[in-house]
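If you use mature numbering (1 follows the signal peptide of the UniProt record, and there is no 0), the sequence shown corresponds to residues -22 to -1, 1 to 284, in order.
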Amino acid sequence: MRTTILLLILLLFSVTSLPAHARTWTSANGHYTLDADAIAFNDTTVILKKENGDLVAVEVDELSESDREFLSSKEFGDDLAKSIDEMQTWTSVDGLKVRGRVLAFGRRDIAVSRQRGKVHVGDKAFGDLDELHQKVVLKVMSKLEGQEFASEHDLTKWAKGLGAEPKVYPLEGVLMQLESGDEIGVPFFMFSSEDLKVLQPGWQAWLESEKDVAMQNRESLMMQAEAMEYQRGNRQRQQIELLKLNMMAIANGITSLWEVGLQPGQGVYGRPTTAVINARDSLAASQMAVTRYPGYTVSFVRRVSR
């Protein structure tokens, strides 16, 4: 049974990164196409890498039947199986290197207690954790308590003052799968500032959608894909943009297809979004977009050539 340190409550969903798989993706109504590589997906969302390197997230239901069949095909599944072991190297704020693959956002309380003379983290005795897990716990506790815990001896000595009740700490962070196969919850404050810039952008949106499981899954998927591209490339942070294909009306001779770029305004938690819209002109397309996305501002409008 895999050990999970810090016991973050995390949504269980199937998310997988895979080798780039280029194809022409088509909207459900057939009016819009995009040449891109699929780099990650779950049951509701696929992450596509465009020819210029930009990343976009598209809801599976907004794609053509052919694209949906491809995502569930054996060919795609075989690629998935080959890439499941891909690992990344992450750095803690004090330089500790950890090999692992980020899986999802999460938050939960951690309980530290003293039972029969031994320190327990959750329901596990500290001494039963593997070496890497112990290092992480010591670093987390050093941060939380504002004092250095260099060894199990230091932690045990401190725990003598706990009494009968455990001490509980609220934590927020990510779930990471290590090379050993174990899963470990890592608080945001453990990561270096550079790594944190990649992992944290979708966190607020994840919190805002606490009652929407599908949206939380999507935010975790996008965070995972952003982390993967960050690790693969020149360690340049790239935020995924949402591509919405559900605003296209039935085309007629007096309308054109427009891409409208949208940026969340101050105090609005969301990602940059491009909406594809049938409209008479660019002004009408912009007005339709901001009506659908209140609090967003238009960053660009361009006509789609067909």
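Glycine included, each C-beta is placed from N, C-alpha and C at the ideal position.
The beta carbons of Val34 and Leu221 sit closer together than 9 Å. If you look at Asp45, you'll find it in the alpha helix (DSSP H) that goes Glu43 to Leu49. Under the Cβ criterion (8 Å, minimum of three pairs), the stretch 175 to 184 counts as touching the stretch 196 to 205.
If you check the CB distance, Val118 and Leu156 do not come in under 9 Å. Unbroken alpha helix (DSSP H) stretches of 4 residues or longer found wholly inside the stretch 138 to 199: 171 to 177 and 181 to 186, given in chain order.
By the neighbour-count criterion, in which 16 or more other beta carbons inside 10 Å mark a residue as buried, Gln93 falls on the exposed side. Burial is judged here by how many other beta carbons sit within 10 angstroms of a residue's own beta carbon; Arg77 has fewer than 16 and is exposed.
Contact check for Leu240 and Tyr208: beta-carbon distance about 24 Å, past the 8 Å limit, so the pair fails to qualify. In chain order, Ile232, Thr233 and Ser234 place their CB closer than 8 Å to the CB of Arg258, counting only its own chain and leaving out the 5 sequence neighbours on each side.
Close CB contacts of Ser91 within its chain, under the 6 Å cut and outside five residues either way in sequence, are with His98 and Pro144 (chain order). The three-state reading of DSSP puts Glu123 in helix, counting H, G and I together.
Between the C-alpha atoms of Pro250 and Asp108 there is a straight-line separation of about 41 Å. For Met65 and Val71, the gap between their C-alpha atoms comes out near 20 Å. In the same chain as Ile255, and ignoring 5 residues on each side of it, the C-beta atoms closer than 7 Å to its own belong to Met225, Met226, Trp236, Val238, Ala263, Met266 and Ala267, in chain order. In the three-state reduction of the DSSP assignment, Glu109 falls in the helix class, which pools H, G and I. The criterion of a C-beta distance shorter than 9 Å is not satisfied by Glu126 and Gly105. According to the DSSP assignment, Ala262 belongs to the alpha helix (DSSP H) that extends over Ser260 to Arg270.
Beta-bridge analysis with DSSP links Ser5 to Leu41.
Looking at the DSSP output, Asn256 sits in a beta bridge with Leu235.
Under the three-state reduction of DSSP, Met225 is assigned to strand. Proximity to Tyr147 across Glu123, Lys138 and Gly159 peaks at Glu123, based on C-alpha coordinates. The closest CA to that of Thr23, considering only Arg1, Arg46 and Tyr10, is found on Arg46. DSSP, read as helix, strand or coil, puts Leu116 in helix.
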